[in-house]
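Remarks on the structure that follows.
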Amino acid sequence: MNKHLNNVQGEAVGPAVPLSRRHFLIGTVATGLVLGYAASSDLLGLDQAVAAPAKFDPSVWYSIGEDGLVTVSVGKADMGQHIASTMAQMVAEELGSKWSDMRIALATNDPKFNDPMLGAQITGGSWSTMMNFDAMCRAGAAGRIALTDAAAAMMNVPASELTVRDSVIAHAKSKTSKTFAEIVKGGKITKTFTPDELKAIKLKTPDQYTMIGVSVPQLDIPFKVNGTAKYGIDTFLPGMVYGKLVLPPVRYGATVKSVDDSAAKKVPGFIKAVTLDDKTMTTTGWVVAVADTYQHARQAAEALKVTWDHGPNAKVSSESLLAEAKRLQKLDDSGLFFVKTGDTASGLASAAKVLEAEYTTNINIHVPMEPMNATAHLDGDIWHIYSGNQFPTRSGAIAAGAAGVDPKQVVLHQTWLGGGFGRRLDGDMMVPAVQAAKAVGKPVKVIYSREDDATMDFSRPLTYQKMKGGLDQNGKLVALNHDVVSAWPTKRWGIPAFLSPSVDKKGALDAFTVNGADFFYSVPNHNVRAIINEMAQQATPSGQLRSVAPGWTFWAVESMVDELAHAAGKDPAQFRIAMLDGAGDNDGGAQRLRNTLLAAMGLAGYGSLKLAKGEGMGIACVSSQERKTASWTACVAHVAVAPSGEVKVKKLTVATDVGTAVNPDGIRAQVEGGAMWGLSLALYEKATMKDGGIEQSNFDTYTPLRMSQMPEVAVNIIANGEPATGVGEPTVTVVAPAIANAIFNAVGARVRSLPITAEAVKAAMKA
Amino acid sequence: MANLIINGRNMSVDAADDTPLLWVIREQLQMTGTKFGCGAGLCGACTVHVNGEAVRSCQTAVKEAVGKQITTIEGLSEKGDHPLQKAWIAEQVPQCGYCQSGQIMQAASLLSKNSSPTKEEVVAHMDGNLCRCMTYARIQRAVLRAAAEMRTASTGSDRRNT
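As they're listed, the protein sequences go chains P and H. According to the working numbering, the stretch in the first sequence is residues 1 to 767, in order. According to the working numbering, the stretch in the second sequence is residues 1001 to 1162, in order.
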């Protein structure tokens, strides 16, 4: 179980006062009405709060201007999942505002914008909608109540006779109404909800929704079609100069031996070469060439002659990482137990049939379209940094560490993110920007080249998984051992709250490397070991790549389950459905997953469509991202395999049970993109390490899916009234195993390594 | 000092002849709708028009663009209402949005020459433009939608399928 999810019950990761113990304040200020949770629970009185907002430091969740426009402050990173728009949609539902009146404002790293459940500002895990749904709806409802009370007083009618819709509060009997704008302009509104009062507000039931469940247009899209959306890279500050990185040939562990700037000095506009002194150890051996323009910085970087000590990882390769993983897996005392149910040793010993298989994934890099960048500016004793970031709480601290100041002296200004996918959970870009700005005494914008971005990625680690399953004489899976060897990306953060105790309390493990392995199938004897590959941890400092662990655990689980079904002589779907019996802790989730699988099968024509020779359909179903946060997702892949081993994915059919669909079209967009990501990781994306460095540096050698490689995609969003779940990631995890299972059904070739290559398929066809 | 004609306006900029047009447009003229993605002509994020042709501005030296008509996303339409921009909104194409200026500029050069592209022609024309959010299905739909709208606007009705 992931420890951070206990925070749902009120234990915050950070020191912030949990939302459940905060008052909600509503008050009129010069610009209109502000509404937000007070950080302090010992309120003196609202008048004072409004008079001295700084003292009470309310986190302004939204405001309503005298023009009636509602601006929602978003403490989430918007990287294309349209979470800012979704937050506004949840407020609007309960507030009763018109969609065209909604606006969004991106927050800074100020703790008052922290996630109410996580106690930090972090965007990931497909958590945002589910974790903010109640708070945003409640904030909207509190605003509606305050406005209704004010309208009742203005109109001199009972509040209970008023209805709210489209930013208008109407009194049917007297045929009179007031707009939000008129009410806000009309006088002073003050209202406080105690935590209990806030909790007691009766929220709408789904049948009353007018906004949730509607595909309203995303608020950020108009700015993204005319070039006006501002990303971090679009920052300009007066007097700003530019930094271009000069990087060592190894990913991590190098130190600078010498910097010769004699040639760089001939480049016009060259200012200085800055060798980073990174006490946060986020970067190693980096030098920044600073010049008046980016073109000059690029030329100066080219001209700098830097020598490095390549450090301890200089001989590490993908091959040595895999060999080390295999060595670790063989050791009895490796790792920590994430799942330990029953007795797998005796279960396997008494099994009628035992199957063993190993599954691997190669290194993958994020390469979002906007390369990493940051602009840093010291103003007095405050550092202002402009950079789109998914984890401002930690990245702000990294910037502070790089600057040698207290984190309170760093203001991280959020922007739109030109892709995140987990890459911008990291704060490496803060270091060169801050230290270059400090060294030259001017604001500096550091822009990574694509090569810098690719080779210094915090990658999805190379993973190795060994599975051993036992079937009884009836072909039922009775025992399963599952070892997962990888770098531990979340451990690298050094934040204990994000680690989880092993089931036997022998240590803390990184559940973000094994999530998904604790599936919803009923298997009486089941072990999952999480094993850290220290060599990978050092040489390929890993990050969270869209879907993180379930991107590899379900690759193994859903391939192995398929192999076991075939070994048992059973239909892979029937085999799965039999194990999704909802016994014990699996109750609820197992049934939802079963239903989703059936929905996908029906939509795809699984088992009923007649397929040509060399074609096959394969299935997979997943409970990504975590047991407590699952979106129940299933995929049917339809492939055609050529005699050469070449795989053509003809169609992907995805069904996903998201409980409540806030914006159905937005969810569809995430599922479409997620499915393409899953396909891209399954067939097209592979990074490798050689001599301690990532070998792929641009889109000629690291090759995400392009338009011509896109198959037909069918998506079925299931909204059955359960609470809203997240959709940014789960679909990514279901595609690769569905494709591999389809390949097996098409030509009898079993592939166990990602990405799947024609060579591997052909070799398996012969075997 | 290079003199450039961008979106119909004369602009002079202090940049050496071999400076990529991208960096002049983005960082010196601060017209940031044009994006940097790869610096190697592999992704299309920096696509602009030079004399109506879609080019990768990261691979185009300033000297090659002098005296020619350069169009960026900011100049594609006066009010951001080019049929492609409207179609991009109608189909809710962008996710992160970073590549979309380049996608739209690339698509515009197709529609200026071919008012009735087939799906295959759209794919062939757009394949050099990467979208890491992988919004390709919606890009495709939006290009075809815009083409239909442009045909309707020019003929009063869409006769393509009649």
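Using N, Cα and C, we set each Cβ at its ideal position, and we do this for glycine too.
Which of helix, strand or coil DSSP assigns to residue i
i	result
Ser680/P	helix
Ile756/P	coil
Asp196/P	helix
Arg1132/H	coil
Glu1149/H	helix
Gly27/P	strand
Ala1016/H	coil
Gly673/P	helix
His4/P	For His4/P, the pLDDT reaches just 49, beneath the cut-off of 50, and the residue's location in the model is therefore unreliable, leaving the point undetermined.
Gln299/P	helix
Ile122/P	coil
Asn663/P	coil
Gln465/P	strand
Asp292/P	coil
Lys762/P	helix
Ser160/P	helix
Trp1023/H	helix
Pro501/P	strand
Asn389/P	coil
Met429/P	coil
Ala52/P	Reliability fails at Ala52/P, whose pLDDT of 44 lies under 50, so the model's placement of it is uncertain and no value is given.
Under 8 Å between C-beta atoms of residue i and residue j
i	j	result
Gly422/P	Leu545/P	yes
Phe458/P	Asp426/P	yes
Gln591/P	Lys466/P	no
Ala530/P	Thr513/P	yes
Gly213/P	Pro664/P	yes
Ala297/P	Gly243/P	yes
Ala159/P	Ala170/P	no
Phe24/P	Gly75/P	no
Val485/P	Thr463/P	yes
Trp632/P	Thr688/P	no
Pro443/P	Leu237/P	yes
Val557/P	Arg576/P	no
Val274/P	Val290/P	yes
Leu593/P	Ser623/P	yes
Ile365/P	Tyr684/P	no
Leu69/P	Asp101/P	yes
Ile26/P	Thr190/P	yes
Val662/P	Thr86/P	yes
Ala749/P	Glu646/P	no
Extent of the continuous beta strand (DSSP E) to which residue i belongs
i	result
Trp308/P	Lys305 to Asp309
His171/P	Val168 to His171
Gln1069/H	Gln1069 to Thr1071
Glu712/P	Glu712 to Ile718
Ile739/P	First-last for Ile739/P: Pro730 to Val747, but that is the alpha helix (DSSP H), not the beta strand (DSSP E).
Host alpha helix (DSSP H) of residue i (start-end)
i	result
Phe554/P	Pro550 to Ala567
Asp134/P	Ser128 to Met155
Ile183/P	Phe180 to Gly186
Ser320/P	Ser318 to Lys330
Asp453/P	Arg450 to Thr455
Leu600/P	Correcting the residue type first, residue 600/P is Ala in the shown sequence and not Leu. Looking at the DSSP string, the run of the alpha helix (DSSP H) that includes Ala600/P is Gly589 to Ala604.
Ser1101/H	Gln1100 to Leu1111
heavy atom of the ligand SAH below 7 Å from residue i C-beta
i	result
His526/P	The ligand SAH is absent from the structure shown, which contains no ligand whatsoever.
Contact set between residue i and chain C, taken where Cβ atoms lie within less than 7 Å
i	result
Glu1078/H	Of the protein chains in the structure, P and H, none is chain C.
Contact between the stretch 1107–1125 of chain H and the stretch 86–104 of chain P (3+ Cβ pairs under 8 Å): no
The stretch 640–658 of chain P in contact with the stretch 609–624 of chain P per 3-pair CB rule at 8 Å: They touch, by the three-pair rule.
The stretch 642–656 of chain P / the stretch 713–724 of chain P touching (three or more Cβ pairs under 8 Å): At 8 Å Cβ cutoff, the stretches touch.
Segment contact, 8 Å Cβ cut-off, at least three pairs: the stretch 344–362 of chain P with the stretch 493–508 of chain P: Counting Cβ pairs under 8 Å, fewer than three are found: no touch.
Runs of beta strand (DSSP E) lying entirely within the stretch 354–383 of chain P, each at least 3 residues, in chain order: 373–379
Segment contact flag, the stretch 90–110 of chain P with the stretch 388–407 of chain P, C-beta cutoff 8 Å, min 3 pairs: Touching, per the Cβ criterion.
4-residue-minimum alpha helix (DSSP H) runs that sit fully inside the stretch 1047–1088 of chain H, ordered along the chain: You should have 1062–1065.
Stretch-stretch touch, CB-based, cutoff 8 Å, three pairs: the stretch 723–737 of chain P with the stretch 666–686 of chain P: yes
Cβ contact (3+ pairs, closer than 8 Å) linking the stretch 302–314 of chain P and the stretch 329–345 of chain P: no
The stretch 1036–1052 of chain H in contact with the stretch 1117–1136 of chain H per 3-pair CB rule at 8 Å: yes
Runs of beta strand (DSSP E) lying entirely within the stretch 208–267 of chain P, each at least 3 residues, in chain order: 241–246 and 255–260
Cβ contact (3+ pairs, closer than 8 Å) linking the stretch 1024–1043 of chain H and the stretch 1087–1094 of chain H: no
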